[in-house]
Ligand code: PAF
């Protein structure tokens with residue numbers, strides 16, 4: 396497994412792979428890898444000859460209040476896992492390599508980026524779209540895989556790839572969960588033991604909504620059910636329970652006549668966790 400820290404060396408490596416007739420996939424990460432990332436890599440490997448991974452904690456997607464410095468890192472552990480997974484190459488740039496002096500251009504998908512999490516974290520998704528574009532330009536993947544856990548991020552990347560005619564197939568992988576149902580996330584290790592136990596209420600609430608959806612309830616009733624379930628957990632500080640059209644993320648009212656997504660944003664102590672579930676007719680064909 397090769398590692399590179401410059402754009403030129405990384406791009407040269409990918410171009411050599413392509414010259415040798417290999418298809419290339421990429422999985423973009425901010426490191427501190429867990430089983431959820433490995434699932435993305437395995438999915439990617441099903442579609443391409445070689446998988447390249449990037450590890451970059453992107454400063455432009457952190458707001459002033461978000462703690463960039465507190466973001467957990469473990470490069471040694473990450474590289475051990477990636478090697479065991481058979482990853483072909485890893486891109487590990489510095490912030491200066493990604494954002495050299497004078498870098499000014501940002502990529503924005505304004506419609507999808509200004510809603511939901513984008514309202515809570517202004518500028519976050521512009522930082523994501525910008526770094527993802529740069530990483531795509533460097534890694535030149537035929538295929539990329541993102542987790543459905545970051546549902547809004549995935550919707551934005553799909554739209555950006557479509558709008559900018561990027562020749563990349565974007566695959567969304569269903570959320571990988573811990574044994575008790577908590578969605579895997581690098582943030583989970585920052586939960587207190589009590590909050591870690593309490594956080595399983597998110598999956599429980601989504602399970603309840605999914606079971607109920609067959610009963611032809613309105614989205615308003617489903618939202619109340621979810622709020623009631625999470626509200627029973629005193630450690631959970633609800634920041635958002637949204638039910639949106641699963642494709643456009645526009646607000647969804649009335650009976651569930653098409654696929655919808657329930658988006659949760661709940662704070663446990665200092666840690667904001669997100670989770671989601673697609674429900675309704677057509678959910679399996681998304
Ligand atoms: O999902 C993430 O880990 C990040 O937002 C990404 C896509 C690697 C961009 O920094």
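Numbering (this note's numbering), first residue to last: 396 to 681.
Every residue, glycine too, gets a C-beta built ideally from N, C-alpha and C.
Treat the numbers as computed from the prediction; the structure is a model and nothing was measured.
At least one heavy atom of the ligand PAF is found less than 7 Å from the C-beta of residue 545. Distance from the CA atom of residue 577 to the CA atom of residue 404, rounded to whole angstroms, is 38 Å. In this structure, the ligand PAF has a non-hydrogen atom nearer than 7 Å to the beta-carbon of residue 453.
A distance below 7 Å between beta-carbons, with the five flanking residues on each side excluded, links residue 654 to the following residues of its chain, in chain order: 641, 673, 675, 676, 677, 678 and 681. Relative to the ligand PAF, even the nearest heavy atom lies 7 Å or more away from the CB of residue 501. If the five residues before and after residue 406 are omitted, its C-beta is found closer than 6 Å to the C-beta atoms of 533, all from its own chain and listed in chain order. In this structure, residue 512 has its CB at a distance of at least 7 Å from all heavy atoms of the ligand PAF. Beta-bridge annotation (DSSP): residue 489 is not paired with any residue. Looking from the CA of residue 425, the closest CA among 443, 467, 539 and 462 belongs to 467.
Residue 507: member of the alpha helix (DSSP H) spanning 505-508, first to last residue.
According to the DSSP assignment, residue 532 belongs to the alpha helix (DSSP H) that extends over 519-534.
Of the heavy atoms belonging to the ligand PAF, at least one sits nearer than 7 Å to the Cβ of residue 423. Residue 601 and residue 651 have their C-alpha atoms spaced approximately 15 Å apart. Within 7 Å of the C-beta of residue 554 there is not a single heavy atom belonging to the ligand PAF.
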